[in-house]
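Chains as they are written, first to last, in my numbering: chain A, 17 to 353; chain B, 17 to 353.
The beta carbon of each residue, even a glycine, is placed where N, CA and C say it ideally should be.
2 protein chains.
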Amino acid sequence: MARGSTRPTSRDVAEAAGVSQAAVSLVLGDKWRGRVSAATAERVRDAAQELGYRPNLAARNLRLGRTRTVLLVVPALTTEFFAGVYTGAARVAAQHGFGVVLYPSPEGIGPARDPFGSAQAALDGVIASSMAADALTAIRGDQLPLVMLDSDPAGSQGAATVNLDIADGVRQITAHLLELGHRRFLHLAADIPSWTFEVRAREIASCLCEIPGTSLRVARAPISFEDALAAAQTALTAPGPRPTAVICDDDKLAAGAYKAARRLGLRIPEDISITGLDDLALARALDPELTTVRLDAERFGEQGMKALLAVLDGRTPPQEDIPVELVVRGSTAPPAP
Amino acid sequence: MARGSTRPTSRDVAEAAGVSQAAVSLVLGDKWRGRVSAATAERVRDAAQELGYRPNLAARNLRLGRTRTVLLVVPALTTEFFAGVYTGAARVAAQHGFGVVLYPSPEGIGPARDPFGSAQAALDGVIASSMAADALTAIRGDQLPLVMLDSDPAGSQGAATVNLDIADGVRQITAHLLELGHRRFLHLAADIPSWTFEVRAREIASCLCEIPGTSLRVARAPISFEDALAAAQTALTAPGPRPTAVICDDDKLAAGAYKAARRLGLRIPEDISITGLDDLALARALDPELTTVRLDAERFGEQGMKALLAVLDGRTPPQEDIPVELVVRGSTAPPAP
DNA sequence: ACGTTCAAGTGTTACGTATAACGCCTCCTT
DNA sequence: AAGGAGGCGTTATACGTAACACTTGAACGT
């Protein structure tokens, strides 16, 4: 443990350069335009370099009353999607001198408790994803600037929201299947109370009720391979004519649907079409490759961070949905005649 | 922007409770055993509750000279594995009142630059994974307590290391395939200069050279679906007798190998056996399910954090490798006679 | 009666930084 | 020659917290 010698402070640098601590602060803070001579500034910078000076962030934060750090609340990190959101948010943050600390809500998607105790950082703002109302009010109680990701704009109590245009994606998927000739649908839904999943259900229903002669079954499952497999298998063997197309709330559920179909001896896509939503790496690993909707997770994170920066600047954040893209691959085809 | 009224401080609480600021600090810091009466302590807590007091972390960190925050350097977050490592590390950290901030090395696995500018937090220590030597020395220059994940214990310059027992996993995989009767192998290797991948190559080679009559081809590819597909396809169509088993450095590469095999009209596992390493969700989504080695990413993160806590306490961290587990599924079978 | 001990606090300081307010010297203007 | 205007810095202070050193009053033993 060779950390006996304490880190050099701005005062140490000042002493080494033969100036006052204030001068060091001015020079290193790049605010010395008409206040310090270029020669002195150079001396200060050299001394700082020599000593390996690094400003004490805690002191700076205390002095300035802000931390240039924001919190990103995600339902779980162990998934490509939210990892991408973090990556995008962190990139934009870094460009503006901000850092991002994570709070993975331990209960999965749903209420998050104590988003502040976990990260020992003081925060300038919060980006929160798919959260329940109680966590939202807990955060709002702290009066921190807040941006909500993929949340009901109407229910966000005035917080800025940034959303993917999930509704459009679902419409595209449904239209694609209708165009192929499908009429009997199974919606394999994520069994999670969240606005982003409510939108999917609502949009599928409203698309189908416009078309006469269509039918819709709904099965619910937590987002896990086994649960999806079981739910899909049950729904596909239920009495009545079997659906010819399965619309899944995300790619992981679709992977479960694949296996359920195979267990029932159904060929994909000849006997049954399956669609996902997310376009994870998984989508292309499946055989046949999965028709799905590409969500640009990194862009989502970027937009969230940009919106938060806008709020922090006192500007009104832009309120446009992020477009999504239908990716047609091998898992969809016209139904057998 | 309703943050006009500044947050209450411990002095505000003191005033409200009719005591000194010092008393508030004692009570809320739970150090009042023989110094403050229970009644007064109760009054202070009530006042704090009433005002919604939250200690200013920046001030506390400045005062205490530590932040209870550590940095986790990961090659990329957009993968289940490192997301799991983070989750495990963060869980243990939280149990000890620590926070974890992430630094995803932007270049993927490899050298990391400026691990401190990115996160605006002051740090008590660093957990770094699979990093190149230059980043390691950059960090060591700051004299921060450091734990290395999956790195050459000999090359870590005295930093504590926590490793998965990858070598054992590879031995198990190889032994499993040998036992099934395979003799001609393809090693689909990650094209990344990192100790963890060197171990795989070395171990496979040393296992095979003990057995007479075995042959080994090696193909290299970056860890991406397309690259793995291309490399595997090339290697499987090269002149000479075709390998009957493909050992992949991780599950993603294995997914590429699946597709390559299918393109060549090979059935899995009848015509060719394929193995992975990681046991991602992907492994069970593949058809047939992938025989692989389960790496417990969360436990890995937990052990890393525990080791760092040990270093911070001045104890010597335990130096045992984390066991891994062979998971035999449907992608391996005896070779065709 | 007097010293000792103990509970129950209070006063003060320092952590390292950024900045407002001030001082001094030189040079230019009128 | 007097006054002002920069240029070049310095001094002083505050941010909110934790901890050390101290005070006060009462109880207690001898």
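Listed along chain A, no residue sits closer than 8 Å to A64 (chain B) by beta-carbon distance, the nearest being about 15 Å off. Close CB contacts of I239 (chain B) within its chain, under the 6 Å cut and outside five residues either way in sequence, are with A206 and K268 (chain order). In this model, H112 (chain A) and G317 (chain B) are separated by some 30 Å (Cα to Cα). A residue is called buried once 16 or more other Cβ atoms fall within 10 Å of its Cβ, and D166 (chain A) is buried on that count. In chain order, D303 make up the part of chain B whose C-beta sits under 8 Å from the C-beta of R278 (chain A).
Per the Cβ contact rule, the segment 194 to 202 of chain A is in contact with the segment 253 to 263 of chain A (3 or more Cβ pairs under 8 Å).
With the rule of 3 Cβ pairs closer than 8 Å, the segment 343 to 353 of chain B does not count as touching the segment 221 to 231 of chain B. Restricted to the segment 275 to 306 of chain A, the alpha helix (DSSP H) segments that are unbroken, complete and at least 4 residues in length are 297 to 301, listed in chain order. Looking at the DSSP output, T177 (chain B) sits in a beta bridge with B:M164.
Inter-residue distance for V309 (chain B) and I263 (chain B) is about 11 Å (C-alpha atoms, whole angstroms). Put simply, of B:G34, B:A54, B:R27 and B:G50 the residue whose alpha carbon is nearest the alpha carbon of S41 (chain B) is B:R27. For G256 (chain A), the three-state secondary structure derived from DSSP is coil. Relative to the Cα of A38 (chain A), the nearest Cα in the group A:R23, A:T56 and A:T22 belongs to A:T56.
Excluding five sequence positions before and after Y274 (chain B), the CB atoms of its chain that fall closer than 7 Å to its own CB belong to I284, I290 and L302, given in chain order. Among the bridge pairs identified by DSSP, I338 (chain B) is matched with B:L180. A straight-line Cα-Cα distance of about 31 Å links F241 (chain B) and G115 (chain A). Per DSSP, V89 (chain B) lies in no alpha helix (DSSP H); the unbroken beta strand (DSSP E) holding it starts and ends at T85 to V90. Residues of the segment 188 to 215 of chain A with a C-beta atom less than 7 Å from some C-beta of chain B do not occur. With respect to D168 (chain B), D337 (chain B) sits apart: the two C-beta atoms are not nearer than 8 Å.
When DSSP states are grouped into helix, strand and coil, C225 (chain A) belongs to the helix group. Sixteen is the threshold: when 16 or more other Cβ atoms of the shown chains lie within 10 Å of the Cβ of G272 (chain A), as they do, the residue is buried. For V234 (chain B), there is no enclosing alpha helix (DSSP H); the enclosing beta strand (DSSP E) covers residues S231 to A237. About 5 Å separates the Cβ atoms of A64 (chain B) and V29 (chain B), confirming a contact at the 8 Å cut-off.
Of the candidates A:P91, A:A54 and A:R51, A:P91 places its Cα closest to the Cα of S210 (chain A). Listed along the chain, the chain A residues whose CB falls inside 9 Å of the CB of T250 (chain B) amount to none; the nearest CB is some 19 Å away. Closer than 8 Å to the CB of T85 (chain A) there is at least one CB belonging to chain B.
Straight through space, the alpha carbons of V142 (chain B) and P24 (chain A) are spaced by roughly 20 Å. In the DSSP assignment, G320 (chain B) falls outside any beta strand (DSSP E) and lies within the alpha helix (DSSP H) extending over A313 to L328. With distances taken between CA atoms, Q159 (chain A) lies nearest to B:G68 out of B:Q335, B:W48, B:G68 and B:A191.
Neighbours of N72 (chain A) in chain B, taken as residues whose beta carbon is under 8 Å from its own, are L78 and A138 in chain order.
Interface flag for R233 (chain A) against chain B is unset, since no Cβ pair is found closer than 8 Å. Within 10 angstroms of the beta-carbon of G185 (chain A) lie 16 or more other beta-carbons, which makes it buried. If the five residues before and after N179 (chain A) are omitted, its C-beta is found closer than 6 Å to the C-beta atoms of D166 and D337, all from its own chain and listed in chain order.
Per DSSP, P209 (chain A) has no beta-bridge partner at all.
In the assembly as shown, T250 (chain B) is an exposed residue. Its beta-carbon has fewer than 16 other beta-carbons within 10 Å. Apart from sequence neighbours up to five positions away, the residues of its chain that approach R187 (chain B) with a beta-carbon distance below 8 Å are E219 and C223, ordered along the chain.
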